[in-house]
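*Asks:* In the numbering used here, the protein residues as written are 17 to 165. Ideal placement from N, C-alpha and C gives every residue a C-beta, glycine not left out.
The structure is reproduced here in structure tokens:
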């Protein structure tokens, strides 16, 4: 898991470097009304971080297989109004939640990484998969932020 945590740390650093060089106007710009702005994508990553941190910690003590609860990403982005939120606050929150996730990843053992999870489809996987899936998701959206507009 050390390599996985290092990958997350690298993505956080990359994202922070790019976002820090972006203006508020650039972060808020939308390519179309139905597409998320960079701020909204970052807000979505906050929501994802909140949900996954909860999953990564609850699996430590909940009955196995741990059942993944889905969350409504579009509704959360709108409800949190990331588009009109303060950019610094969003960036700081994104950084904080991912630093906490990185810490939690470092705490995992071979035993905990093998804890079973039940995905929405009824398919069984493990915490290791869930952690890697989170990091892949983060990377996908950071690539959107860097390439958008």
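Is it a yes or a no for the stretch 31-44 touching the stretch 124-142, going by three-plus beta-carbon pairs under 8 Å?
*Replies:* Short answer: they don't touch.
*Asks:* By DSSP's criteria, residue 133 is part of a beta bridge. Which residues make up the other side?
*Replies:* Indexing the chain shown from 1 puts residue 133 at position 117. 82, 141.
*Asks:* Tell me which residues share the same chain as residue 80 and place their Cβ nearer than 7 Å to its Cβ, disregarding the 5 neighbours each side in the sequence.
*Replies:* As a first step, residue 80 is located in the chain shown; it is residue number 64 there, counting from the start. Excluding residues within five positions, the ones whose Cβ falls inside 7 Å are 131, 132.
*Asks:* For the candidate residues 122, 68, 59, 86, whose alpha-carbon lies nearest to that of residue 25?
*Replies:* Position 9 of the chain shown, counted from the first residue, corresponds to residue 25. Cα-wise, what sits closest to residue 25 is 122.
*Asks:* Label residue 59 either buried or exposed according to how many other C-beta atoms from any shown protein chain fall within 10 Å of its C-beta, with 16 as the threshold for buried.
*Replies:* Working through the chain shown from its first residue, we reach residue 59 at position 43. Per the 10 Å Cβ criterion, buried.
*Asks:* In whole angstroms, what separates the C-alpha of residue 115 from that of residue 105?
*Replies:* Taking the first residue of the chain shown as 1, we reach residue 115 at position 99. Taking the first residue of the chain shown as 1, we reach residue 105 at position 89. If you take the alpha carbons of residue 115 and residue 105, they lie about 15 Å apart.
*Asks:* At what residues does the alpha helix (DSSP H) containing residue 19 begin and finish?
*Replies:* Within the chain shown, numbered from 1, the residue matching residue 19 stands at position 3. First-last of the alpha helix (DSSP H) with residue 19: 18-36.
*Asks:* Hey, residue 68 and residue 35: beta-carbon distance below 9 Å or not?
*Replies:* In the chain shown, the residue the question calls residue 68 occupies position 52. In the chain shown, the residue the question calls residue 35 occupies position 19. No, they are not a contact pair.
*Asks:* With a floor of 4 residues, list each alpha helix (DSSP H) that falls wholly inside the stretch 73-120, ordered by position along the chain.
*Replies:* Correct list: 89-95.
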